[in-house]
Amino acid sequence: MLTYLFLQPLHASDRGIRQHAHEITHLELCGPQRLDDNFKDTISLLKKHHATLEWLKLRMYLKKDAYGVFSIAYPRLKRLDLDYSGWWILRNAPVLEELVLTCATIEDHPTVFNLIPAKLKTLKMDITPHYKFQRIPDITRYFHRHSVQPNTTYFLQELVIHTHKMENVEMMLEGISHVKQLERLMIWYMDWDASQMDTFIDQLANGCHRLSCLKIHSLKTPSPHAVNALKRLEYLSRFAFRIKDKDSTEGRFWDAIETLTQTKCIEICLH
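Under this note's numbering, think of the first position of the sequence shown as 12, with each following residue one higher.
Have a look at this one:
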């Protein structure tokens, strides 16, 4: 039985395929930014398969609440990948565990962070805009809520962020340390300077005591100070980072690496 359906863009000829897709669990819809002509077909697909969808990727504009799109429920949806629109799906997906957001979605609908379900375990954000991004404070407030929310069976465990140097980025980085129950963190930030990275890792070691996996993709190698700070993370079993030239890295750095006794796996990427 067909369980995955990818359409880009939607056309009337796709209706023949849909007749044989009785229980679609994975659906990816991609199209031009303004796909008004195929809006009705898009909604028809969502309405037909909403009850069985477990993974939904939406790469198009659905700005208006036509044909009841805002009220469609997704009772089995586990992963949601949004670019541009689809923010309202969050309030209709009670068992959502993984969410992927781009800067376009966040910029247009910053209230998306007020709709994230309690069962969310993984949040991935691509914050690499080609324009001035204004929503760092909204992201930071979401992180801070994790430090005050009551203990619950469900909590954010994994965070993946792609970003670059921009206004208020330090605010967002500091906010990560408030996600107290975070277990896995992967961050792509090529523009780090040494002082900024030291501060971030200090904050991380003080706040995220459950962290077991840390991957840093940056043009800057962590300093000996940063590596020593990681010793405070007793559950850190995996650490990944980049270095430009292993022969030019100072001896104190390697001495610090060797004393990360709690770490079982260290990944080094040469660039």
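Glycine included, C-beta positions come from ideal geometry on N, C-alpha and C.
Item                                                                                                                  : Value
Identity of the residue in S55, D149, T36, Q168 nearest E109 by Cα                                                    : Q168
Spatial neighbours of N217 in its chain, beta-carbon cut-off 7 Å, leaving aside the 5 residues before and after       : S188
Inter-residue CB distance, M208 and K231 (contact presumed, cutoff 8 Å)                                               : 6 Å
Distance between Y200 and R263 (C-alpha atoms, nearest Å)                                                             : 24 Å
Expected contact under 8 Å - CB spacing of I285 and L281 to nearest Å                                                 : Residue 285 is absent from the structure shown; the chain starts at 12 and stops at 282.
Whole-angstrom distance between M136 and L196, CA atom to CA atom                                                     : 12 Å
Pairwise C-alpha distance: L101 and W265                                                                              : 45 Å
Rounded separation between L107 and R90 - CA only                                                                     : 6 Å
Residue of P128, L64, L112 minimising C-alpha distance to D92                                                         : L112
Counterpart residues of R253 in DSSP-defined beta bridges                                                             : C280
Test item: CB-CB of A194 and S223 under 9 Å                                                                           : Reading off the sequence shown, one finds Glu at residue 194, where the question assumed Ala. A contact, by the Cβ cut-off of 9 Å.
Delimiting residues of the beta strand (DSSP E) encompassing T113                                                     : 109–113
Residues of its chain near F154, where Cβ-Cβ distance is below 7 Å and the 5 sequence neighbours each way are ignored : G186, I187, H189, V190
N-terminal and C-terminal residue of the alpha helix (DSSP H) that E185 is part of                                    : 180–187
First and last residue of the uninterrupted alpha helix (DSSP H) at M208                                              : 205–218
Bridge partner(s) assigned by DSSP for D94                                                                            : R70
Contacting residues, own chain, Cβ-Cβ under 6 Å from L184 (five flanking each side not counted)                       : F211
S24 classed as buried or exposed, judged by whether at least 16 other C-beta atoms fall within 10 angstroms           : With a pLDDT of 43 at S24, under the threshold of 50, the modelled position of this residue cannot be trusted; read the value that follows with caution. So S24 ends up on the exposed side.
Closest residue to E39 among W66, A251, P140 (Cα-Cα distance)                                                         : W66
Assigned secondary structure, H155 (DSSP; H/G/I helix, E/B strand, else coil)                                         : helix
C-beta atoms of V171 and L134 nearer than 9 Å                                                                         : yes
Alpha helix (DSSP H) segment containing I268, residue limits                                                          : 262–269
Cβ shell of F81 (< 6 Å), same chain only, five flanking positions each side left out                                  : W99
Residues bridged to H173 (per DSSP)                                                                                   : D137, W199
Unbroken alpha helix (DSSP H) run spanning H236, endpoints                                                            : 235–240
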